[in-house]
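So the structure is just underneath, and the comments pick up after that.
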Amino acid sequence: MNRIVQFTALALEPREREIVLGDLAECSVSDLRAFSEVLRLIVRRQALLWTSWRPWFALICVAGISGFYLSLVFRGLRSGIFVQMSAWRHYGVHYNAGVTSFRDDVIQMCCLAAAIFCWTAVSASALRRFSGRALWLTGLFFYVVVHVSAAAWALLSGAVVIRANPPRWTAFGPVLPPNVTSACLFLFLFVVPILCGTFGKFPAMVPVTILCTIVAALLAQYHAHDIERLSGGAFPPAHWPAIVAPYMLVSWPVFLVRSRQRRRG
Amino acid sequence: MLGEFEYLVVSAAARLGNSAYGAAIKEEIERTAKRSCSIGALYTTIDRLESKGLIETWMGEATAARGGRAKRMVRLTGKGAREASAFYQTVTRATRGLAWEVK
Chain G
1 MNRIVQFTAL ALEPREREIV LGDLAECSVS DLRAFSEVLR LIVRRQALLW
51 TSWRPWFALI CVAGISGFYL SLVFRGLRSG IFVQMSAWRH YGVHYNAGVT
101 SFRDDVIQMC CLAAAIFCWT AVSASALRRF SGRALWLTGL FFYVVVHVSA
151 AAWALLSGAV VIRANPPRWT AFGPVLPPNV TSACLFLFLF VVPILCGTFG
201 KFPAMVPVTI LCTIVAALLA QYHAHDIERL SGGAFPPAHW PAIVAPYMLV
251 SWPVFLVRSR QRRRG
Chain B
266 MLGEFEYLVV SAAARLGNSA YGAAIKEEIE RTAKRSCSIG ALYTTIDRLE
316 SKGLIETWMG EATAARGGRA KRMVRLTGKG AREASAFYQT VTRATRGLAW
366 EVK
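Protein sequences appear in the order of chains G and B. For the first sequence, position 184 (counting from the first letter as 1) is numbered 184 according to this note's numbering, and the numbering increases by one without interruption. For the second sequence, position 54 (counting from the first letter as 1) is numbered 319 according to this note's numbering, and the numbering increases by one without interruption.
This is how it looks when you write it as structure tokens:
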């Protein structure tokens with residue numbers, strides 16, 4: 001049996017993987033047939049997973065709703081970094097819009113970064129807990145939502161309008177799907193909690209992380225209000241319950257499931 | 266009531282007795298029913314039958330022919346035998362007096 005079949009079989013539970021690969025070895029089937037058999041079993045197992053509410057919750061609430069709001073936070077940070085980096089690269093100075101100081105911008109970006117860090121880690125843990133072996137699909141959807149939905153929303157809602165003819169594509173830097181840095185950062189934040197089971201080993205981190213995220217989101221909102229005040233209402237902030245509510249929707253079930261497991265243990 | 270493929274799996278497990286496991290059941294179904302049997306269909310059916318309490322499974326020994334990997338042994342339960350008997354009687358009653366003409 002070749003390595004491709006064995007690699008494909010990694011999508012199965014360890015016990016079932018051993019049984020199936022043993023059966024295929026005993027039947028002396030060709031590599032192509034073995035690959036086809038394993039693939040069909042994986043498809044059946046994946047289809048069965050979706051008969052439960054758990055992966056649907058992970059897909060809709062965690063990856064869909066929470067992912068969309070996280071994408072707004074991500075876009076805010078990317079925009080801030082993009083503007084500052086562009087100003088520094090072209091003119092050797094930091095960007096100052098005249099409504100906020102550079103210090104305020106940095107604090108704002110730090111708050112957004114903290115919110116992204118906590119939010120992504122908790123979302124990864126929630127996806128792992130609720131998706132089970134459907135994690136590859138819900139995780140992929142979460143990645144796409146986080147990196148594409150804000151850009152799509154900005155274009156569809158008219159927040160970004162293409163006026164130049166031909167369009168100046170460099171202006172789309174902050175809203176385009178991820179650059180390498182943000183993709184790597186996201187994958188690191190997303191994959192590490194899944195691989196390490198951080199919240200499984202340190203359950204106290206769940207409420208602490210939830211608290212940190214809310215504080216970070218509120219601090220970011222405080223500065224957003226500051227921007228609104230200084231800009232004379234030109235840049236109104238998003239309504240903060242609309243940002244925090246989806247996160248709460250996702251994080252508390254994680255906390256409750258974790259607590260119940262601890263009581264059983 | 267059992268389904269058609271469930272009945273084939275239960276029948277194969279009953280015929281094989283103590284040596285019923287995945288690969289053996291697959292070969293038995295292909296031999297008697299003269300149709301191909303995929304591993305995916307077999308194991309999802311075995312899981313379903315086990316959840317209904319019609320069969321029992323446990324991990325068997327590993328052999329060299331299997332590359333040192335363990336088997337999933339299968340045994341028919343009393344409830345499984347009753348369900349299979351009921352399926353057989355239903356099919357027999359339903360087809361009594363019929364002479365199928367294949368054109």
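Glycine included, every Cβ here is placed at the ideal spot set by N, Cα and C.
Contacts of SER303 (chain B) in chain G (Cβ-Cβ under 8 Å): One finds GLU37, ARG40 and LEU41 in chain G with Cβ atoms closer than 8 Å to the Cβ of SER303 (chain B), taken in chain order.
Per-residue burial, GLU326 (chain B) [other beta carbons within 10 Å of its own, 16 or more giving buried]: Under this definition GLU326 (chain B) is an exposed residue.
Same chain, Cβ closer than 7 Å to THR310 (chain B), five either side skipped, listed in chain order: Result list for THR310 (chain B): PHE270, GLU271 and VAL274, in chain order.
DSSP bridge partner residues for VAL339 (chain B) (one or two, in chain order): As DSSP reads the structure, VAL339 (chain B) sits in a beta bridge with B:THR322.
Close-in-space but distant-in-sequence residues of the same chain around ARG17 (chain G) (CB under 8 Å, 5 per side omitted): These residues qualify, in order along the chain: ALA9 and LEU10.
Run of the alpha helix (DSSP H) containing LYS291 (chain B), from where it starts to where it stops: Counting along the chain, the alpha helix (DSSP H) containing LYS291 (chain B) begins and ends at 287 to 298.
Beta-carbon neighbours of VAL20 (chain G), restricted to chain B and to distances below 8 Å: For a Cβ distance threshold of 8 Å, residue set GLY287, ILE304 and TYR308 of chain B lies close to VAL20 (chain G), ordered along the chain.
Residue range of the alpha helix (DSSP H) that includes ALA50 (chain G): Correcting the residue identity first, residue 50 (chain G) is Trp in this sequence and not Ala. Here TRP50 (chain G) belongs to no alpha helix (DSSP H), and DSSP marks it neither H nor E.
Beta-carbon proximity check, THR322 (chain B) vs MET338 (chain B), cutoff 8 Å: Cβ distance < 8 Å, so THR322 (chain B) and MET338 (chain B) count as in contact.
ALA359 (chain B) - DSSP class collapsed to helix/strand/coil: Helix at ALA359 (chain B).
Beta-carbon separation (whole angstroms), ALA63 (chain G) vs VAL145 (chain G), contact threshold 8 Å: Their Cβ separation, rounded to whole angstroms, is 6 Å, which keeps ALA63 (chain G) and VAL145 (chain G) in contact under 8 Å.
Distance between beta carbons of LEU319 (chain B) and LYS344 (chain B), contact taken as under 8 Å: Confirmed, about 6 Å.
Under 8 Å by beta carbon: chain B residues contacting ALA134 (chain G): Those do not exist, as ALA134 (chain G) stays about 16 Å from chain B at its closest Cβ, beyond 8 Å.
Cross-chain neighbours of LEU137 (chain G) in chain B, by beta carbon under 8 Å: Under the 8 Å cutoff, chain B gives no residues; its nearest Cβ is about 18 Å from LEU137 (chain G).
ARG103 (chain G) beta carbon less than 8 Å from that of LEU49 (chain G): It is not a contact, given that the beta carbons lie outside the stated cut-off.
6 Å CB neighbourhood of GLY287 (chain B) in its chain, flanking five on each side removed: Excluding residues within five positions, the ones whose Cβ falls inside 6 Å are ARG337.
Below-8 Å beta-carbon distance, LEU49 (chain G) vs any chain B residue: Answer no: the Cβ-Cβ gap between LEU49 (chain G) and chain B never drops below 8 Å.
Chain B contact for ALA25 (chain G) (CB, 8 Å cutoff): Interface residue, yes.
Neighbourhood of THR355 (chain B) by C-beta distance below 6 Å, restricted to the same chain and skipping five residues each side: Closer than 6 Å at the Cβ level, and outside the excluded window around THR355 (chain B), lies no residue.
Where ALA327 (chain B) falls: helix, strand or coil (DSSP): Residue state, collapsed to three classes: strand.
Sub-8 Å separation of ALA278 (chain B) and ILE290 (chain B) beta-carbons: In contact: ALA278 (chain B) and ILE290 (chain B) (Cβ atoms closer than 8 Å).
For VAL20 (chain G) and VAL38 (chain G), believed in contact at Cβ under 8 Å, the rounded distance: So it is a contact: roughly 7 Å between Cβ atoms.
C-beta atoms of SER123 (chain G) and LEU72 (chain G) nearer than 8 Å: Contact: no.
Chain B contact residues for ARG44 (chain G), given Cβ-Cβ distances below 7 Å: By Cβ distance, chain B contributes GLY305 and THR309.
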